[in-house]
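Residue numbers (my numbering), protein chains in the order written: chain P, 11 to 454; chain S, 37 to 526.
Glycine included, every Cβ here is placed at the ideal spot set by N, Cα and C.
See below for the structure under consideration.
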Amino acid sequence: MTDASMQGGAAAPSRKSSIHTIDARTKKRNAAEARFKAYGLAAILVGLFFLVVLAVSIVRNGLPAFTETTVDLEFVLTEEQYQEAEGTLFKTAAYTDFFIAGLREQLVEDGVEVAFDEDAIERILGKVGGNLREFYRANEDKLGEPVSFTMSASSRVDGYMNGRVTRDGLEDSRFLMATDLDLVDVLRDAGIITQSFNWNFITGADSGVDNPGGAGIGASVVGSFFMMIVVLVLSLPIGVAASIYLEEFAPQNRFTDLIEVNISNLAAVPSIVFGILGLAVFIQFMHLPQSAPLVGGLVLTLMTLPTIIISTRASLKSVPPSIRDAALGVGASKMQAVFHHVLPLAMPGILTGTIIGLAQALGETAPLLLIGMVGFVARGYPDGFVGGFTEANSAMPAQIYTWAARADVSFYEKAWGGIIILLLFLLTMNIIAIILRRRFERRW
Amino acid sequence: MPLLWLFLIVLAIAAVGYVLGRSRALQSAGGDSRDLHSLPSYYGTNVAMKAAVPAFLLMLVWLLVQPLYINTVISGAIPDSAISDGANLGLVMSEVRRTAEGLDALVAAGEMTEAFARSARADLGDITQRLQDAGQIVTSEVTQPILRAAQDYRVMNATGSLLMSGAVIVLSLAGLLWGLRESQAAFRARNVVEAGVRALLIAAASIAILTTIGIVLSLVFNTIEFFRLYPASDFFFGLEWAPSFSGRGGSSELGVIPLLWGTFYISIVALLVAVPIGLFAAIYLSEYASRRVRGIAKPMLEVLAGIPTIVYGLFALLTVGPLLLSVFGREGLGWMQAGTAVMTAGIVMGIMLIPFVSSLSDDIINAVPQAMRDGSYGLGATKSETIKQVVLPAALPGIVGAILLAASRAIGETMIVVLGAGAAARLSLNPFEAMTTVTAKIVSQLTGDADFASPEALVAFALGMTLFVITLGLNVFALYIVRKYREQYE
């Protein structure tokens with residue numbers, strides 16, 4: 011296929027010019043060709059562009075969830091001040107006053123001058139007085155000694171430090187005033203307000219609607235973990251057994267056809283329908299505990315089984331028949347040939363498929379909404395191994411949804427942060443699957 | 037947890053059975069394994085299987101049947117007078133269960149003796165108080181019939197699980213003895229074990245059928261229940277979706293048409309995004325791209341398919357929605373009121389479907405025989421002419437199948453529409469308005485506090501049924517088309 015032949019075909023009988031000069035029709039056709047190719051390239055670039063936008067918005071919005079803004083102050087409360095504060099009517103207000111006095115002193119020492127009042131401190135730090143009182147009532151021996159306090163700043167100050175809240179967009183409210191930001195700036199320059207890595211976000215539990223700063227994803231990671239144990243323990247053996255039967259033993263009959271049709275249809279049933287199944291069968295009918303990872307795991311098992319069966323069958327099919335023939339030839343039974351020879355050879359492929367199925371299950375949200383994993387605040391870790399399965403808990407995607415559905419904008423940051431953690435888990439699982447495939451998969 | 041212990045005990049019996057069966061068979065052959073019919077391990081496995089499998093089956097059946105039986109007995113014993121106005125038997129039963137669980141928790145925490153929890157003369161106010169103090173959810177004061185029912189419930193549950201433990205262990209031991217008796221040199225242990233394993237394999241494969249049956253039954257029964265409370269014609273042809281929040285029914289308008297319209301509108305927008313991009317990407321990747329470009333671009337596009345839908349939902353709600361609002365909102369063209377709209381959900385869903393369309397179409401385009409392309413080139417066609425006039429027509433049925441599969445995905449997608457499409461059910465043509473879908477309403481009707489027997493909750497099952505039938509129909513149709521196409525070239 012050369013240019014010459016193509017032009018010859020196109021420009022038929024009345025060619026007067028040389029075949030080396032391209033005529034109008036060929037030009038048009040070549041332009042159409044280039045256009046068509048450009049459309050294809052553009053489509054790919056658009057797809058990749060979406061991927062990049064998605065990645066950028068996840069990282070940019072999610073990273074602030076990993077830092078927290080704290081106020082560190084060394085503070086001394088004398089015995090007399092303690093007695094005085096306890097003697098007043100508004101005890102916490104008295105503590106706040108002492109704290110402000112301490113802060114002023116510190117600022118004077120540092121040589122900074124700034125005016126602020128009690129309300130500003132409460133807007134920035136929340137209930138300082140209450141926290142101080144609680145501390146000193148519990149540790150009376152610390153009176154008179156310098157104690158360094160680390161208190162987390164309010165979510166809006168956190169937002170200002172992270173750039174989510176800006177001066178331009180700020181409207182004065184009872185949560186934050188523009189003048190507070192000046193104070194925050196001064197305190198930051200003085201090293202009193204600092205930012206640090208937010209370990210609580212990774213290890214902590216959900217905090218409830220009114221405290222976005224203290225929310226963590228740790229408890230729901232544990233919930234997801236227990237769910238994945240259920241999915242792995244059930245779907246791997248059942249999936250492998252079903253695939254072995256269908257691939258190696260099933261006779262050609264209507265029962266086999268029925269199973270095959272069912273598997274391919276189940277793979278395409280919307281995930282929310284599995285949620286309805288879980289609600290009706292596991293919770294309404296069998297009275298298993300609501301919101302429990304056990305129920306979530308059962309639902310996700312049913313959902314991932316088709317995926318695992320399909321990939322397991324593919325890897326069983328890729329083991330060449332000569333292996334089976336050789337085993338049968340030396341006197342193995344059919345069952346022995348499959349379990350001693352075919353299955354071990356197919357194992358890397360099966361594990362890869364299982365990990366990918368698990369990753370899918372880990373990110374699935376819709377069915378979990380219906381079995382009650384949302385709207386419930388996972389405040390703590392389950393106690394013990396059995397409790398991990400049966401106690402109400404959240405799961406990572408359900409937790410992210412819960413945060414996204416809350417009215418307070420500060421939770422959005424947590425939701426994005428949760429997505430980063432979820433994607434890190436998925437990435438790890440997929441990388442393990444790729445490594446398994448690269449290292450152990452054999453080609454015949 | 038006694039269930040876990042029971043499970044472990046049966047496993048232990050099976051393990052002991054394995055060792056005993058193996059050694060007994062060897063013994064009967066005088067220690068020479070060549071005189072056995074099968075390998076020694078098969079004799080052990082035979083015993084272990086007989087000890088474990090029937091016992092586990094009994095356990096499973098018992099666990100399924102016992103709650104049903106207890107429920108029937110207890111609810112039969114509750115007098116009609118105990119069911120107050122506006123409540124029904126189901127509500128009373130859940131109250132009974134909660135009370136029983138509360139008593140269980142108190143006894144487990146050591147705050148109440150077993151005898152006290154069972155005593156019939158206990159003071160109702162005192163019990164309620166203690167339950168509430170312990171953080172158990174008890175709505176109002178526990179009434180006499182409910183307390184009696186709860187006490188009966190606890191007793192029956194306790195005897196039930198005791199009986200189950202006994203029966204399971206006895207059955208397991210019986211299986212062990214049966215297996216041991218068989219462990220003689222002439223016994224064809226391998227054949228028996230293999231038949232057993234085969235039966236287990238068939239059972240595993242049947243789970244797919246059971247799942248489908250479970251889905252269909254749970255949808256059908258609740259849908260019938262719903263249509264008993266709410267006329268089917270109003271559901272299928274009603275133009276209004278306005279569930280009442282009281283949970284009592286009567287004033288709700290539950291027409292499915294606005295939801296279906298929202299579903300289809302969003303899916304169409306999604307397909308308008310996904311099909312051109314996905315199809316052109318597939319054409320480029322399979323016909324034009326070099327091996328290296330293909331090796332990089334294809335997996336990158338497929339990353340989009342591996343991202344969980346919750347991520348897309350958040351992306352719609354917090355990135356795409358505000359972006360569209362800044363262009364089409366009040367400060368821009370003024371067409372859009374809020375960030376959640378058909379466009380928002382549709383575009384994001386389209387992005388999610390790109391890799392789905394592209395990899396399916398890619399496979400189909402690659403399946404078109406090279407000879408057809410070569411024939412076209414031989415006649416002097418350019419590459420794009422070949423694609424447009426030879427490859428695509430040949431691949432068309434498959435591509436239509438792929439698009440239908442993508443459509444069924446779009447219709448069943450939940451998280452993106454829950455977060456990105458809004459909650460108002462509307463019949464409108466403006467794509468910048470918030471609309472809602474079947475899936476989003478399933479979620480909102482079943483996650484509220486509504487009582488499960490009310491039409492407002494049951495409608496979710498009717499919606500689920502509608503969704504299931506539509507997606508199943510699309511899938512079957514798509515697979516039919518794809519299969520028909522495949523027959524032409526294989």
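| Query | Result |
| --- | --- |
| Chain P contact residues for F513(S), given Cβ-Cβ distances below 8 Å | Simply none; closest approach about 12 Å. |
| Counted within 10 angstroms of its Cβ, other Cβ atoms place V396(P) as buried (16 or more) or exposed | exposed |
| Own chain, CB closer than 6 Å to S219(S), minus 5 neighbours either side, in chain order | G57, R60, A61, Y79 |
| Supposed contact pair A460(S) and T472(S) - C-beta distance, whole angstroms, cut 8 Å | 6 Å |
| Unbroken beta strand (DSSP E) run spanning T266(P), endpoints | Run containing T266(P): none in the beta strand (DSSP E); it sits in the alpha helix (DSSP H), 264-276. |
| Distance between L465(S) and L290(S) (C-alpha atoms, nearest Å) | 21 Å |
| D216(P), buried or exposed, once every other Cβ within 10 Å from all chains shown has been counted against 16 | buried |
| Environment of G154(P) [buried if 16+ CB atoms lie within 10 Å] | exposed |
| From A493(S), I182(S), N107(S), Q187(S), residue whose alpha carbon lies closest to that of V143(S) | Q187(S) |
| Closer than 7 Å at the beta carbon, the chain P residues around Y324(S) | K47, G50 |
| Residues sharing a beta bridge with D82(P), DSSP | T160(P) |
| Residues of the stretch 234-254 of chain P whose Cβ lies closer than 9 Å to any Cβ of chain S, in chain order | P247, I248, G249, V250, A251, A252, S253, I254 |
| Burial state of T176(P), where buried means 16 or more other Cβ atoms lie within 10 Å | exposed |
| Rounded straight-line distance, which links the Cα of A302(P) to that of S332(P) | 47 Å |
| Cβ-Cβ distance between A241(S) and A324(P) below 8 Å | no |
| Minimum C-alpha distance to P103(S) - residue among A88(S), Y189(S), Q373(S), F92(S) | Y189(S) |
| Any chain P beta carbon closer than 8 Å to F488(S) | yes |
| Own chain partners of R447(P) with C-beta closer than 6 Å, once the 5 adjacent residues on each side are dropped | T362 |
| Pairwise C-alpha distance: I441(P) and I332(S) | 16 Å |
| Against chain P: residues of the stretch 434-468 of chain S by CB proximity under 9 Å | L441, S444, R445, I447, G448, E449, T450, M451, V454, L455 |
| Cut-off 8 Å between Cβ atoms - residues of its own chain near G285(S), not counting five sequence neighbours on either side | Low per-residue confidence applies at G285(S): pLDDT is 48, beneath 50, and the placement is therefore not dependable, though the value from the model is reported in the following sentence. Excluding sequence neighbours, G285(S) sits near L265, Y266, S490, P491, E492. |
| Contact set between K419(S) and chain P, taken where Cβ atoms lie within less than 9 Å | E43, F46, K47 |
| Interface residues of chain S facing A425(P) [CB-CB closer than 7 Å] | L350 |
| Closer than 7 Å at the beta carbon, the chain S residues around G339(P) | Chain S residues near G339(P): none, gap ~18 Å exceeds 7 Å. |
| Run of the beta strand (DSSP E) containing S281(P), from where it starts to where it stops | Taken as a continuous stretch (DSSP letters only), S281(P) belongs to no beta strand (DSSP E), being part of the alpha helix (DSSP H) at 281-287. |
| Through-space distance from A84(S) to G283(S), alpha-carbon basis | Note that G283(S) scores a pLDDT of 48, beneath 50, so its modelled location is shaky; the value from the coordinates is reported in the next line. So the alpha carbons of these two residues sit roughly 53 Å apart. |
| As assigned by DSSP and simplified to three states, the class of Q346(P) | helix |
| Option nearest E451(P) by Cα separation, candidates G97(P), L353(P), T213(P) | L353(P) |
| For F257(S): DSSP bridge partner residues | Answer by DSSP bridge pairing: none, since F257(S) is not bridged. |
| Limits of the unbroken alpha helix (DSSP H) element including Q116(P) | 101-120 |
| Nearest to L212(S) (by Cα), restricted to the options I387(S), Y54(S), A377(S) | Y54(S) |
| Any chain P beta carbon closer than 8 Å to P344(S) | yes |
| Through-space distance from I387(S) to G57(P), alpha-carbon basis | 7 Å |
| Reduced DSSP category for T98(P) - H, G, I as helix; E, B as strand; rest coil | coil |
| C-beta neighbour in chain P for V233(S), strict 8 Å | yes |
| Residue environment, I445(P), which counts as buried when at least 16 other CB atoms sit within 10 Å | exposed |
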